[in-house]
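Structure record follows, encoded as structure tokens.
There are 2 protein chains.
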Amino acid sequence: MPIEVRIPTVLRSYAAGKSTVVVSGTTLRDVFADLAGRHPELAGRVLNDKGELRRFMNIYVNENDVRYTGGLGTTLSDGDEVTILPAVAGGAVDAAPSQILDASVTAEPWLVVGDRQFRSRLIVGIEQYESPEFIRRVLEATAADVFITTLDPDNRRASVLLSDLDGEMDLDKYIWIGTTSFARTADSALLTVQILNDRYGIDIIKLDVRTPDNRPDNAATITVAEQLIRDGLTVLPFILPNPDDARRLEDIGCAAIRLMAAPVASGWGITDPEPLRTIIGRSGIPVVVEGGLATATHASEAMELGASAVLVNTALVRAADPLRMAEAMKHAINAGRLSHQAKPMPPAPR
Amino acid sequence: MPIEVRIPTVLRSYAAGKSTVVVSGTTLRDVFADLAGRHPELAGRVLNDKGELRRFMNIYVNENDVRYTGGLGTTLSDGDEVTILPAVAGGAVDAAPSQILDASVTAEPWLVVGDRQFRSRLIVGIEQYESPEFIRRVLEATAADVFITTLDPDNRRASVLLSDLDGEMDLDKYIWIGTTSFARTADSALLTVQILNDRYGIDIIKLDVRTPDNRPDNAATITVAEQLIRDGLTVLPFILPNPDDARRLEDIGCAAIRLMAAPVASGWGITDPEPLRTIIGRSGIPVVVEGGLATATHASEAMELGASAVLVNTALVRAADPLRMAEAMKHAINAGRLSHQAKPMPPAPR
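Chains as they are written, first to last, in this note's numbering: chain A, 1 to 350; chain B, 351 to 700.
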């Protein structure tokens, strides 16, 4: 009986670019055997050498996670849809304290969630790299202590499969965070969180609900944050730096707040420090600054404003030497934090 | 016979605030014995326990250095003037390479003069501190490898006596530079250099010829630089960032050039990066950026523009915690240098 298998963006290169493949079979095992005949590389990404589902690969039959319906023995009916939904690299907060240079900057964690202590003040997105080996080097260079993963239920973006990264590095040494940064609607964000929580037990959510033009949707973000907090999750929402919205997110119980410095990937740096300064000055929870930061100087400025941490992503990816820029960012975090603590002289009147 | 002793600004607190003291004697030794009776602390600053002239204390009878006229045995005539001219702390380029955090930043010296290699890219002025012990801590915190000294022939400013610093730390481990930053005229600058060279063998000159409002006098600086280079000295002149003047100073043989980012002690940061970028882009000699830098972010920005080194002074003195700001500046130098080397992404069109 014909079964349609939906191929995620990140795996389409193994399926001759196709978004769906029609196969036949009465069980999921049959379906993958058929698929292996047509696209052996694709099947190899989903199943390991023993023919078992790989870690970080999620399979749904229609809306049901096959973990709860018999795994590869799940029986299929004509017209069923099989969806492959792999976990992918989403971005990572920064690094092992011993690799951070100034002890006073990492002496106190900037965020504590249960027994998980966030000490590194540099957060790094990793979903734009093509090679697992390079992601490992970026994470090492930035000394990340947090690893961010996501799903792409809308099939909008490609990213490296965690199942590939898993063989390259020890992912379990990181604090895991799930991100919804690939989501462009509240529903898509909620679905992403639900799967990450259900499948991997991820309970700290880097919440991004963005408009189609890739800016934070403050109103939708607040709505989703309220829902997630009711569900018992720890939420780190990303918003345009509106002081009222920031206050609201703190009031409903967010663990930290993330403010946009400039449009994501713009490289403009901090276009207006005043709202950031205002929110940081009033906030009772840690404030992360991100978006549009391209240089070490931008990161230093954010920390000097009093940010608890900085998230960079495209700044590394698009630098001529990403690993050297990672080193630069580590120094910038220390420089800005220490300068903030030292309280600079006031500028002379102009 | 009455002899007038001129007391420099920095020693007047030991002479009841007086700028001159009239004593009597037929030799310089007599004069200091008389002075010791009136102002014992003052005499103790000039002579050591054995009654010898301290290191870094220069004594002139009329226009003559007493080293060439018989020392303390120099005979005096009625109406002679005795001038005390001590060497004082002037500022210091930054620190021992091992204390700098990123090896790639100090792997190559940014300036070589004979066998003297300038590796630290942070230059720190030290003349605004009151305590020798604190100066030692600032130099250690900034990891300086260069020590800057000066004289104040015009008695315009106070600074710590090198004879006091000498007991606090090992000054001989530094590369010594003389500065004319207390000079407000070309003649005063030339006199300072002449004494520093004659008395201490200092042949690297941080040349500052400033207008009465404390800005670089580019034209006078070029004139003095030409004179000093003819005299065989190594010259590091400070100018407003005028590309033609920068080119001229390179052409006449300056070893490096120092550009003003903003008025000295203003804390404004880099008010206009474009002329700095232009001069750095064209220059065949190292470019130092200084003046008005108050924060780690300012220093990072200067290095990111491609400066070879940064000089800070008031930024540390007037920070609430100068030693922490010194640490911040070290990280900022590394951050900006590495970011420059990594070549940041270009900003998106606005």
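Even glycine gets a Cβ: it sits at the ideal position worked out from N, Cα and C.
Runs of the beta strand (DSSP E) spanning 3 or more residues and lying entirely within the stretch 213-280 of chain A occur at 234-239 and 257-260, in chain order. Residue burial is scored here from C-beta neighbours: Thr529(B) has at least 16 other C-beta atoms within 10 angstroms and is therefore classed as buried. At a cut-off of 8 angstroms between C-beta atoms, Met695(B) counts as an interface residue with respect to chain A. Annotation: Asp380(B) to Ser374(B) spans about 7 angstroms, alpha carbon to alpha carbon.
Judged by DSSP in its simplified three-state form, Ala665(B) adopts helix. Among the residues of chain A, none has a CB under 8 angstroms from the CB of Gly656(B); the nearest is roughly 13 angstroms distant. The Cβ of Leu338(A) sits closer than 8 angstroms to at least one Cβ of chain B. A Cβ-Cβ contact shorter than 8 angstroms links Val432(B) with Val355(B). In terms of Cβ geometry, Met345(A) and Ala665(B) form a close pair [threshold 8 angstroms]. Rounded to whole angstroms, the separation of the alpha carbons of Leu151(A) and Pro40(A) is 23 angstroms. Taking a C-beta cut-off of 9 angstroms against chain A, none of the residues of the stretch 623-641 of chain B qualify. In this structure, DSSP gives Thr20(A) an extended state, which the three-state scheme calls strand.
Under the three-pair Cβ rule at 8 angstroms, the stretch 460-477 of chain B does not count as touching the stretch 385-405 of chain B. Judged by DSSP in its simplified three-state form, Ile555(B) adopts strand. Pro322(A) counts as buried, since at least 16 other C-beta atoms from the protein chains shown sit within 10 angstroms of its C-beta.
Restricting attention to beta strand (DSSP E) runs no shorter than 3 residues, the stretch 362-413 of chain B encloses them at 370-374 and 407-411, ordered along the chain. In the three-state reduction of the DSSP assignment, Val160(A) falls in the coil class, being assigned neither a helical nor a strand state. At a cut-off of 8 angstroms between beta-carbon atoms, Gln341(A) makes contact with chain B.
Taking the Cα positions, Gly70(A) is about 11 angstroms away from Asn64(A).
Looking at the DSSP output, Asp415(B) sits in a beta bridge with Tyr410(B).
Membership of Pro436(B) in the beta strand (DSSP E) is indicated by the continuous run Glu431 to Pro436. The beta carbon of Ser689(B) sits closer than 8 angstroms to those of Ser650, Met653 and Glu654, all from its chain and outside the five residues before and after it, given in chain order. Asn684(B) has a beta carbon lying within less than 8 angstroms of a beta carbon in chain A. Cβ-Cβ separation between Ile59(A) and Ala89(A): approximately 20 angstroms, too far for a contact (criterion under 8 angstroms). In this structure, the beta-carbon distance from Phe238(A) to Pro212(A) does not fall below 8 angstroms.
Contact of Ala296(A) with chain B is assigned, a C-beta pair being separated by under 8 angstroms. Classified as buried, Glu477(B) has 16 or more neighbouring CB atoms from the shown chains inside 10 Å of its CB. Short of 7 angstroms from the beta carbon of Ala255(A), and not among the five residues preceding or following it, lie these beta carbons of its own chain, in chain order: Leu111, Val113, Thr234, Val235, Leu236 and Ile285. DSSP places Gln544(B) in the uninterrupted alpha helix (DSSP H) bounded by Ala536 to Tyr550.
By the neighbour-count criterion, in which a residue is buried when 16 or more other Cβ atoms sit within 10 angstroms of its Cβ, Val372(B) is exposed.
Under the 8 angstroms criterion on CB atoms, Gly125(A) is classed as non-interfacial with respect to chain B. Around the C-beta of Lys50(A), fewer than 16 other C-beta atoms lie within 10 Å, and the residue is accordingly described as exposed. CA-CA distance, Arg55(A) to Val660(B), rounds to 51 angstroms. Secondary structure note for Val637(B): its beta strand (DSSP E) is the uninterrupted segment Val637 to Glu640. Ile353(B) is positioned such that its CB atom lies no closer than 8 angstroms to that of Ser369(B).
Here DSSP, grouped into helix, strand and coil, assigns Ala644(B) to coil.
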